[in-house]
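Before any comments, here is the structure.
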Amino acid sequence: MPNNSDDDNNNNNNSTSNSGEEELHEVGSNRPACASCKHQRKKCIVGDCVMWRHFPASKMDEFLGVHKVFGISNVTKKIKSFDDVAQQHESIKSFLWEAMLWQVLHSDS
Ligand SMILES: [Zn+2]
1 MPNNSDDDNN NNNNSTSNSG EEELHEVGSN RPACASCKHQ RKKCIVGDCV
51 MWRHFPASKM DEFLGVHKVF GISNVTKKIK SFDDVAQQHE SIKSFLWEAM
101 LWQVLHSDS
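Start counting the sequence shown at 1; every next residue gets the next number (the UniProt record's numbering).
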């Protein structure tokens, strides 16, 4: 039996393999404004804006629905009262729910 201790064929090139293509977005400069900031024509500042996590620009419709019923300042105030993102998310969900119900109830005017 030959002693086959020749284990040298695990290709050892994981030094620079980790997503060198992906550009890191520079914080605060290159992010599109969230729906809320877009609507208010504000600069969407990372770490300052609490809405972008929940209302990215693609969710403008949802944002407008909530804004129409509750007003963005009330929603923002509420969201800011939670430190926990999960809690913020729950809160947003209930805002969305209520806004949706409200609009259904008031749709036939
Ligand atoms: Zn924003």
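Think of the CB as a built atom: it goes at the ideal place given N, C-alpha and C, for glycine as much as any other residue.
Looking only at C-alpha atoms, which of Met51, Phe63, Val46 sits nearest to leucine 96?
Phe63
Span separating the alpha-carbon of arginine 41 from that of leucine 105:
30 Å
Buried or exposed: which applies to histidine 25, given that a residue is buried once 16 or more other Cβ atoms fall within 10 Å of its Cβ?
Residue placement at histidine 25 cannot be trusted, given a pLDDT of 44 that sits under 50; what the coordinates show is reported in the next sentence. Histidine 25 is exposed by the Cβ-count criterion.
Report buried or exposed for aspartate 108, applying the criterion of at least 16 other Cβ atoms within 10 angstroms of its Cβ.
exposed
Straight-line gap, arginine 53 to isoleucine 79 (C-alpha atoms, nearest Å)
11 Å
Alpha carbon to alpha carbon, how far is lysine 43 from lysine 93?
24 Å
Give every residue whose Cβ lies closer than 6 Å to any heavy atom of ligand 1, listed in chain order.
Ala33, Cys34, Ser36, Cys37, Cys44, Cys49, Met51, Trp52
On a CA-only basis, which of Phe82, Ser81, Met51 is nearest histidine 67? Give me that one, please.
Met51
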